[in-house]
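> Read in order, the letters of the sequence shown correspond to residues 0 to 363 in numbering that gives the first Met the number 0.
Ideal Cβ positions, reconstructed from N, Cα and C, are used throughout, including at glycine.
Here the structure is a predicted model, which is why all the values come from computation and not from measurement.
Let me begin by handing over the structure; questions about it come next.
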Amino acid sequence: MRRRPALILDHDKLRYNMRMVIGWCGRSGIDVAGVFKITGGMASVARDYQECGAVMIASSRLEQLARAKSAGVDIPMLMIRVPMISELEELVEICEYSLQSEFATLKAANEAALNAGKVHNVILMADLGDLREGFFELEELVDVAKYVEDSCGGLHLAGIGTNLGCYGSVVPTKEKMEQLVRYAEAVEAAIDRPLEIISGGATSSLMPVFDKEMPDKVNMLRIGAVTFCGPLEDLRQAYGRKEADALHDDVFTLEAEVIEVRTKPTHPIGKLGVDAFGKRAKYVDRGNRRRALLAIGRADYGDIDDIIPQLEGAFIIGASGDHTIMDVEECKEQVRVGDVIKFKLKYSAILRLTSSENVTTYEL
Ligand SMILES: *Cc1c(COP(=O)(O)O)cnc(C)c1O
Numbered sequence: 000m001r002r003r004p005a006l007i008l009d010h011d012k013l014r015y016n017m018r019m020v021i022g023w024c025g026r027s028g029i030d031v032a033g034v035f036k037i038t039g040g041m042a043s044v045a046r047d048y049q050e051c052g053a054v055m056i057a058s059s060r061l062e063q064l065a066r067a068k069s070a071g072v073d074i075p076m077l078m079i080r081v082p083m084i085s086e087l088e089e090l091v092e093i094c095e096y097s098l099q100s101e102f103a104t105l106k107a108a109n110e111a112a113l114n115a116g117k118v119h120n121v122i123l124m125a126d127l128g129d130l131r132e133g134f135f136e137l138e139e140l141v142d143v144a145k146y147v148e149d150s151c152g153g154l155h156l157a158g159i160g161t162n163l164g165c166y167g168s169v170v171p172t173k174e175k176m177e178q179l180v181r182y183a184e185a186v187e188a189a190i191d192r193p194l195e196i197i198s199g200g201a202t203s204s205l206m207p208v209f210d211k212e213m214p215d216k217v218n219m220l221r222i223g224a225v226t227f228c229g230p231l232e233d234l235r236q237a238y239g240r241k242e243a244d245a246l247h248d249d250v251f252t253l254e255a256e257v258i259e260v261r262t263k264p265t266h267p268i269g270k271l272g273v274d275a276f277g278k279r280a281k282y283v284d285r286g287n288r289r290r291a292l293l294a295i296g297r298a299d300y301g302d303i304d305d306i307i308p309q310l311e312g313a314f315i316i317g318a319s320g321d322h323t324i325m326d327v328e329e330c331k332e333q334v335r336v337g338d339v340i341k342f343k344l345k346y347s348a349i350l351r352l353t354s355s356e357n358v359t360t361y362e363l
């Protein structure tokens, strides 16, 4: 019997999704860096990406990339959170590539690479309006590119990239991708050679790929979310396109166990203060309803909107750190203590569940 709560990873479904996405990109001349940070850096997932044709493994955490490397994944490692100066020695040991956006960090990375006797590949980030990381002025981007090219024996300027749809919710339109290409051309003119990598963004940048609007020059995407979440409604709304319907939306599923079933009122009884998280909650009085209490909570998955029960007629009415309350009044089948309820998962629930020590992961 499985320990519960259980997080189930179906590798066949994952590899199917990876092959589909890498195929779509490949037909548009785009390589994929497989981003596995959502899994907390599972080496088996990095291995899947390599097997399915990703050209690099990418994560925002060095320890995750180190784990994949120790597990024998031997395609280049790409650090996608611009590095801390304090981790540059590790960076050049673990990663062949990194995204960069600060002159001081590049200078220190050059030292670290020279000290380690390595040449580290950098991709300079351009901020095209999403307002997280990246050079904001083209002039500064070009100056720093020239500095790396001419004065950094420990660094190789591999390319430029951008990130959209993260902080600023900016959509990777054809215009944004064309702007990235203009930036790349300006850098190429300044260093007098072509760049190898023009990295056009993340899952959200599949939109221009689907619409056949991606400029030829954009030749790499860093993709995570869609391979794990497939066509879940949020992703479909954000990134549109029925193409994603071809993907599995149950690569990761959650199983939680019922620990109490009882009919109770729906409105709390007594003088109301705040809930477990210090919030003043609103309660609708729907009379007496049958409810199931589950042994899993927000400490494990975060927000109740990010887990989707796979039981007809059931819905979540609330949760505290370690409990989830489901309304099962309208379920056709009787829910009993000891039953297991399955859930599909949105991005942030997978991100949290893979690092919850209360949850056991099973790989199929
Ligand atoms: C997380 C991340 C990605 C991958 O994003 P998905 O939405 O998971 O595809 C790409 N680039 C950067 C810089 C990231 O931080």
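Taking contact to mean at least 3 C-beta pairs separated by less than 8 Å, is the segment 183 to 196 in contact with the segment 146 to 162?
yes
> Following the continuous beta strand (DSSP E) through LEU156, name the residue where it begins and the one where it ends.
Your numbering for residue 156 matches position 157 in the sequence shown. Per DSSP, LEU156 belongs to the beta strand (DSSP E) from 154 to 161.
> Give the list of continuous alpha helix (DSSP H) stretches no shorter than 4 residues that lie fully inside the segment 68 to 96.
87 to 93
> Where does the unbroken alpha helix (DSSP H) through LYS145 begin, and where does it stop?
Counting from 1 along the sequence shown, the entry for residue 145 is found at position 146. Run containing LYS145: 137 to 150, per the alpha helix (DSSP H) assignment.
> Give the DSSP bridge partners of ALA111, in chain order.
The residue labelled residue 111 in the question sits at position 112 within the sequence shown. Beta-bridge pairing by DSSP links ALA111 to no other residue.
> Does the beta-carbon distance from GLY199 to LEU179 come in below 8 Å?
Taking the sequence shown and counting its residues from 1, the one referred to as residue 199 is at position 200. Taking the sequence shown and counting its residues from 1, the one referred to as residue 179 is at position 180. Yes.
> Just jot down, in chain order, the residues whose CB lies closer than 5 Å to any heavy atom of ligand 1.
Taken from the N-terminal end onward, the list reads VAL34, ILE79, ASN162, ALA201, THR202, ARG221, ILE222, GLY223 and ALA224.
> Rounded to whole angstroms, what's the CA-CA distance from ASP87 to VAL121? Just pull it up for me.
As a first step, residue 87 is located in the sequence shown; it is residue number 88 there, counting from the start. As a first step, residue 121 is located in the sequence shown; it is residue number 122 there, counting from the start. The displayed chain sequence assigns Leu, not Asp, to residue 87. Their backbone Cα atoms lie some 12 Å apart in a straight line.
> Is the separation between the beta-carbon of LYS117 and that of VAL91 shorter than 8 Å?
Working through the sequence shown from its first residue, we reach residue 117 at position 118. Working through the sequence shown from its first residue, we reach residue 91 at position 92. Yes, they are a contact pair.
> Whole angstroms is fine: what's the gap from ALA112's alpha carbon to GLN99's?
Taking the first residue of the sequence shown as position 1, residue 112 is located at position 113. Taking the first residue of the sequence shown as position 1, residue 99 is located at position 100. When rounded, the distance between both Cα atoms is 14 Å.
> State the Cα-Cα distance for the pair ILE420 and ILE315, rounded to the nearest angstrom.
Any property of residue 420 remains undetermined from this structure, which presents the chain solely from 0 to 363.
> If you draw a straight line from the alpha carbon of VAL141 to that of ARG60, how long is it in whole angstroms?
By 1-based counting over the sequence shown, the position of residue 141 is 142. By 1-based counting over the sequence shown, the position of residue 60 is 61. When rounded, the distance between both Cα atoms is 27 Å.
> With a CB to CB cut of under 6 Å and the five nearest residues on each side skipped, what residues in its chain are close to VAL336?
For the purposes of this step, residue 336 is taken as the residue at position 337 of the sequence shown. Closer than 6 Å at the Cβ level, and outside the excluded window around VAL336, lie VAL257 and VAL260.
> With which residues is ARG289 paired in a DSSP beta bridge?
Mapped onto the sequence shown, residue 289 falls at position 290. THR262.
> Would a check of beta-carbon distances place VAL186 closer than 8 Å to chain C?
Here there is only one protein chain, and chain C is not present.
> Buried or exposed: ALA224, going by 16 or more other Cβ atoms within 10 Å of its Cβ?
Locating residue 224 in the sequence shown gives position 225, counting from the first residue. Buried is the label assigned to ALA224, since at least 16 other Cβ atoms lie within 10 Å of its Cβ.
> State the beta-bridge partners of ALA245 as determined by DSSP.
Locating residue 245 in the sequence shown gives position 246, where the first residue counts as 1. DSSP lists no partner for ALA245.
> Could you name each continuous beta strand (DSSP E) segment of 3 residues or more that falls completely within the segment 310 to 356, going from the start of the chain to the end?
314 to 318, 323 to 326 and 339 to 344
> Would you list the one or two residues that DSSP bridges to LYS33?
As a first step, residue 33 is located in the sequence shown; it is residue number 34 there, counting from the start. Residue identity check: residue 33 is Gly in the sequence provided, not Lys. For GLY33, which the question treats as bridged, DSSP gives the partners ILE56 and ILE222.
> Let me check understanding here. Comparing Cα to Cα, which of PHE135, GLY153, GLY158 and GLU132 lies closest to ALA144?
Position 145 of the sequence shown, counted from the start, is the residue given in the question as residue 144. The residue with the shortest Cα to Cα distance from ALA144 is GLY158.
> Any idea what DSSP makes of ALA65, helix, strand or coil?
The sequence position of residue 65 within the sequence shown is 66, counting from 1. In the three-state scheme derived from DSSP, where H, G and I count as helix and E and B as strand, ALA65 is classed as helix.
> For the segment 343 to 362 against the segment 13 to 22, do three or more pairs of beta-carbon atoms, one drawn from each stretch, fall closer than 8 Å, so that the two count as touching?
no
> Under 8 Å: do the segment 262 to 274 and the segment 292 to 311 share three or more Cβ pairs, one atom per stretch?
no
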